[in-house]
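Participant:
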Ligand SMILES: Nc1ncnc2c1ncn2[C@@H]1O[C@H](COP(=O)(O)OP(=O)(O)OP(=O)(O)O)[C@@H](O)[C@H]1O
Ligand SMILES: [Mg+2]
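Residue numbers (the working numbering): 601 to 786.
1) May I have the straight-line CA-CA distance separating residue 701 from residue 723, to the nearest angstrom?
2) Mind checking residue 653: buried by the 16 CB within 10 Å criterion, or exposed?
3) With a threshold of 16 other CB atoms inside 10 Å of the CB of residue 770, please say whether the residue is buried or exposed.
4) Can you name the start and end residues of the beta strand (DSSP E) that residue 654 belongs to?
5) Grab the span of the beta strand (DSSP E) containing residue 687 for me, first residue to last.
6) According to DSSP, which residues form a beta bridge with residue 738?
7) Kindly list the residues whose CB is nearer than 7 Å to the CB of residue 763, restricted to its own chain and excluding five residues on each side of it in sequence; keep chain order.
8) Just the Cα atoms here: how many angstroms apart are residue 729 and residue 754?
9) From what residue to what residue does the alpha helix (DSSP H) around residue 751 run?
10) When you measure from the CB of residue 646 to every non-hydrogen atom of ligand 2, does any distance come out below 6 Å?
11) Looking at ligand 1, does it come within less than 6 Å of residue 700, judged from the CB to the closest heavy atom?
12) Less than 8 Å between C-beta atoms, sequence neighbours within five positions excluded: which residues of the same chain meet that for residue 717?
13) Which of the three DSSP states, helix, strand or coil, is assigned to residue 703?
14) Kindly give me the distance between the Cβ atoms of residue 645 and residue 619, rounded to whole angstroms, as I take these residues to be in contact under 8 Å.
15) Determine the burial state of residue 690: buried for a count of at least 16 other Cβ atoms within 10 Å of its Cβ, exposed for fewer.
Here it is in C-alpha cells:
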C-alpha cells in the first residue's frame, strides 16, 4: 500500500467487523529512536491465541466471500520491511490490540499519508462508534475523543452532521500543525 493511513483504515475495519464499539488509534513518532508506532485497539469480540497466530499468515480469514485475508499480513510486511515489527494481543470477549512499529529512516518506509483524512472518514462513516485518536510527534501530542465531542453536541446531533464534521476536520488540521511545529506536512 502506498500510504500507512490506508493500512490503518483496513485494520480499523477489522475492529468494526468484530463489533468493536470503542476503537483507539495511536500514532507515536519518535525522531530520536527513529520509530513510528501505530496501535489500534478495540473492544470487539477478540481472537483465540490460535487465531492470533493464524491471522499473521496470509491464507487465514474468517471471510466467506474470499479465501485470503490480507489486511494484517500487508501491515506486518510494511513494518518488517523497514526493520520494524507487528504484534497482536487479543482476548476473546475483551478485544484486540494491533501494534506495529516502523523505522522511518529505512529506505523501504511507506509514508504515513493523510492520517487525518482517514480518521475523519472513519468517524463520518461510523457515527455510532467511539473513536479515540492520539497523535504524538516527539514531545508534542494531541487527542481527539468522539465521546467528548458527543457530550458537547448532545445526543440529538449525530457526528456525521456536516457542521460537526467541519469542526472535527478543523480541529485535526489545527492540532496536526501544532505537533508538526508548522514545519512538516506528511
Ligand atoms: N480486531 C479484530 N478482532 C477480531 N478478529 C479480528 C480482528 N482483526 C482481524 N481479525 C480476524 O483476522 C482475520 C484476518 O484479518 P485480515 O484483515 O488480515 O483479513 P480479512 O479482514 O479477513 O480480509 P481483508 O482485510 O483482506 O479484507 C479476520 O477475518 C478476522 O477473523
Ligand atoms: Mg481486514
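From the three backbone atoms N, C-alpha and C, an ideal C-beta is built for every residue, glycine too. Remember, predicted model here, so these are calculated numbers, not experimental data.
Facilitator: Checking against the coordinates, here is how it stands:
1) Here the question's residue 701 lines up with position 101 in the chain shown. Here the question's residue 723 lines up with position 123 in the chain shown. Rounded to the nearest angstrom, the gap between the Cα atoms of residue 701 and residue 723 is 24 Å.
2) Working through the chain shown from its first residue, we reach residue 653 at position 53. The residue in question, residue 653, is exposed, as its Cβ has fewer than 16 Cβ neighbours within 10 Å.
3) In the chain shown, counting from the first residue as 1, residue 770 sits at position 170. Classification of residue 770: exposed, given that the 10 Å Cβ count is below 16.
4) Translated into the one-based positions of the chain shown, residue 654 becomes position 54. Where residue 654 is concerned, there is no enclosing beta strand (DSSP E), although the alpha helix (DSSP H) it sits in stretches over 649–655.
5) As a working note, residue 687 is residue 87 in the chain shown. Judged by DSSP secondary structure, residue 687 falls within the beta strand (DSSP E) whose first and last residues are 685–691.
6) Here residue 738 is taken as the residue at index 138 of the chain shown, counted from 1. Paired residues: none, contrary to the question.
7) Residue mapping note: residue 763 aligns to position 163 of the chain shown, counting from 1. Same-chain partners within the cutoff: there are none.
8) Working through the chain shown from its first residue, we reach residue 729 at position 129. Working through the chain shown from its first residue, we reach residue 754 at position 154. Distance from the CA of residue 729 to the CA of residue 754, rounded to the nearest whole angstrom, comes to 15 Å.
9) Position 151 of the chain shown, counted from the first residue, corresponds to residue 751. Segment 746–753, the alpha helix (DSSP H) holding residue 751.
10) The residue given as residue 646 occupies position 46 in the chain shown. Answer for residue 646: no, Cβ out of range of ligand 2.
11) Reading the chain shown from its first residue, position 100 is the one you call residue 700. Not under cutoff, so the answer is no.
12) Start at 1 with the first residue of the chain shown, and residue 717 comes out as number 117. Residues 605 of the same chain have their beta carbon placed closer than 8 Å to that of residue 717, with the five preceding and five following residues left out of the count.
13) Your numbering for residue 703 matches position 103 in the chain shown. In this structure, residue 703 counts as coil in the three-state DSSP scheme.
14) In the chain shown, the residue the question calls residue 645 occupies position 45. In the chain shown, the residue the question calls residue 619 occupies position 19. So it is a contact: roughly 6 Å between Cβ atoms.
15) Within the chain shown, the letter at position 90 stands for residue 690. Buried: at least 16 other Cβ atoms inside 10 Å.
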